[in-house]
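J.: Take this structure, written in structure tokens, and hold onto it; I'll ask about it next.
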Amino acid sequence: MNLVAAAAIFFLMFVGVFQVIGRTAFNTAIHGYIDYMEQASALFAFLGISYAQRVGAHIRMDLLLRGFSMRFMWAMELFAVLVALVVITVLVETTWENFLRAWQLGDSTIDIKLPIWPTKLLVPLVLGVLWVRLAIQSIDYLRLVRHPDAAPIAVPVIETIEVQAQHEIEEALGREEIGREEKQP
Numbered sequence: 001m002n003l004v005a006a007a008a009i010f011f012l013m014f015v016g017v018f019q020v021i022g023r024t025a026f027n028t029a030i031h032g033y034i035d036y037m038e039q040a041s042a043l044f045a046f047l048g049i050s051y052a053q054r055v056g057a058h059i060r061m062d063l064l065l066r067g068f069s070m071r072f073m074w075a076m077e078l079f080a081v082l083v084a085l086v087v088i089t090v091l092v093e094t095t096w097e098n099f100l101r102a103w104q105l106g107d108s109t110i111d112i113k114l115p116i117w118p119t120k121l122l123v124p125l126v127l128g129v130l131w132v133r134l135a136i137q138s139i140d141y142l143r144l145v146r147h148p149d150a151a152p153i154a155v156p157v158i159e160t161i162e163v164q165a166q167h168e169i170e171e172a173l174g175r176e177e178i179g180r181e182e183k184q185p
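Heads up, the sequence shown is in the working numbering, so the first residue is 1 and it goes up one at a time.
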């Protein structure tokens with residue numbers, strides 16, 4: 001899903017550049033450009049959510065939890081994931097109802113009458129994937145609360161600043177080594 005979101009962003013940027021060049025250089029525009037952009041924006045807005053949750057790419061308060069025991073830290077993470085699970089459950093239900101309403105009414109965009117229901121269907125489906133991700137994480141957090149020294153399996157691992165810096169150094173050096181190997185005959 002994250003790769004599809006990245007591809008959608010790339011494609012939308014390409015179409016946007018084409019639109020600007022077409023309007024300024026050739027005095028022509030893509031018919032229904034705004035309607036297409038409105039519909040496609042749901043792709044990159046929602047498709048990467050579950051991946052970001054998996055890798056812990058969202059905003060976190062790691063500094064507040066670093067001084068506490070591992071059991072307390074895992075319990076706080078479990079609490080946060082359970083709250084998110086409740087919120088996502090409500091959002092899945094309401095966005096599904098919103099999709100059904102658009103489907104039944106035949107809702108469409110204003111300019112070129114593009115059907116809105118596919119985009120509105122995407123939202124509860126992607127939130128459903130996020131719900132599954134949160135459920136998996138809550139199970140692992142529960143396991144980690146019981147056994148705080150166990151290795152995390154399905155949850156993002158909080159790294160210290162030193163470990164993050166070391167990973168960035170290794171990644172940068174690894175890329176330099178690959179670049180040198182490609183340049184050598």
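Here a beta-carbon is modelled for each residue, glycine too, at the ideal position from N, C-alpha and C.
1. Using the C-alpha atoms, what's the distance from Thr119 back to Val132?
2. Closer than 8 angstroms by C-beta to Ile116: which residues in its own chain qualify, once you throw out the five before and the five after it? Chain order, please.
3. Specify whether the segment 84-98 and the segment 41-49 touch according to this definition: at least 3 beta carbon pairs, one from each stretch, less than 8 angstroms apart.
4. Skipping 5 residues on each side, what residues in its chain have a beta carbon closer than 8 angstroms to that of Ala135?
5. Grouping DSSP H, G and I as helix and E and B as strand, with all else coil, what is Gly179?
6. Note the first and the last residue of the continuous alpha helix (DSSP H) segment covering Asp107.
7. Counting C-beta neighbours from all protein chains within 10 Å, is the total for Glu93 16 or more, i.e. buried, or is it exposed?
8. Drop a sphere of 10 angstroms on the beta-carbon of Gly48, count the other beta-carbons inside from all chains shown, and report buried for 16 or more, exposed for fewer.
9. Kindly indicate which three-state DSSP category Pro118 falls into: helix, strand or coil?
T.: By the coordinates alone:
1. Rounded to whole angstroms, Val132 to Thr119 spans 20 angstroms at the Cα level.
2. Excluding residues within five positions, the ones whose Cβ falls inside 8 angstroms are Gln39, Ala102, Asp107, Ser108 and Thr109.
3. No, because fewer than three Cβ pairs between the segment 84-98 and the segment 41-49 fall closer than 8 angstroms, the two stretches do not touch.
4. Counting only Cβ-Cβ distances below 8 angstroms, and skipping sequence neighbours, we find Leu85.
5. Any reading at Gly179 must be qualified, since the residue scores a pLDDT of 49, below 50, and its modelled position is unreliable; the value itself is stated next. Helix, per DSSP.
6. No alpha helix (DSSP H) contains Asp107, which DSSP labels as neither H nor E.
7. Burial call: exposed.
8. Around the C-beta of Gly48, 16 or more other C-beta atoms lie within 10 Å, and the residue is accordingly described as buried.
9. The answer is helix: DSSP assigns Pro118 an H, G or I state.
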